[in-house]
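These notes are about the structure you will find just below.
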Amino acid sequence: MFPVGGVEAMLAGAFLSGLVCLVITLALQRRTGVVWAWSLGGLLWSLAVIALVTLLPADGATEVVYADERMGSCSFDLGGPAPEGFWIFSGGQRLLNVLVFVPSGALLVVVAARWRSGWVTVPIGLLALAAYSVAIEWTQLELARIDRACDVTDVVDNVTGAALGVAAGLVLVLVLRPWRARRA
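Here it is in structure tokens:
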């Protein structure tokens, strides 16, 4: 039996990971500037929340899933078996899969814009977010106990969300200008 799961565990994990990211942010902001430190802390926190939402069992602790009963491969049916409603937000699971990656894409741009190499770092970071999504789906396939389904549609939706976040981040960078010298 997988001992942890449900909305309560996800919220507790989000709170605890938020505290850890807050400590990191506060430790960095004097050396790196407020905008960059908070952007990095937010990026790290968004990645932690994505892991919590996608890798913890949705309905609490699950039963044992035997090897011969688990899925043998990911669903490659685009549009997939995702239900129309989801247990956190009304609307489709696909919308949630898009929305959960938007903050990571936006904050990635703000973090990378501090350096001149940002124009190279952002596309690499977008590929890293895509790889993160693939790793999550692979983990869902391999760990049948977490009662999650591996679906290629989730990867498409996650990457779409990350790309929309990058577009929003490009606008956000013009407002925040993280390359400025830190304030005294």
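In terms of UniProt numbering, the sequence shown opens at residue 1 and continues consecutively.
Yeah, the Cβ is synthetic: ideal placement off N, Cα and C, and Gly gets one too.
Values in this document were obtained by computation on a predicted structure and should not be read as measured data.
Neighbourhood of residue i by C-beta distance below 7 Å, restricted to the same chain and skipping five residues each side
i: Val111; result: Trp36, Ser39, Leu40, Leu43
i: Thr160; result: Val98
i: Leu16; result: none
i: Val100; result: Ile50, Val53, Gly161
i: Gly125; result: Leu108, Ala112
i: Trp45; result: Ser17, Gly18, Cys21
Host alpha helix (DSSP H) of residue i (start-end)
i: Arg31; result: 6 to 32
i: Trp138; result: 118 to 142
i: Pro103; result: 102 to 112
i: Leu56; result: It is not in any alpha helix (DSSP H) - Leu56 carries neither H nor E in the DSSP assignment.
i: Arg94; result: 93 to 99
Classification of residue i by the beta-carbon crowding that lies within 10 angstroms, buried from 16 upward
i: Arg148; result: buried
i: Trp119; result: exposed
i: Ala131; result: exposed
i: Val171; result: exposed
i: Pro57; result: buried
i: Glu8; result: exposed
i: Ser133; result: buried
i: Ala106; result: buried
i: Leu47; result: buried
Proximal residues to residue i (C-beta, below 6 Å), its chain only, five neighbours per side dropped
i: Thr121; result: Ala112
Closer than 7 Å: residue i CB and nearest the ligand SAH heavy atom
i: Leu43; result: Annotation note on the ligand SAH: not contained in the displayed structure, which lists no ligands.
Beta carbon proximity, residue i to chain C, threshold 8 Å
i: Gly41; result: Judged by its chain identifiers, the structure shown contains no chain C, having just a single protein chain.
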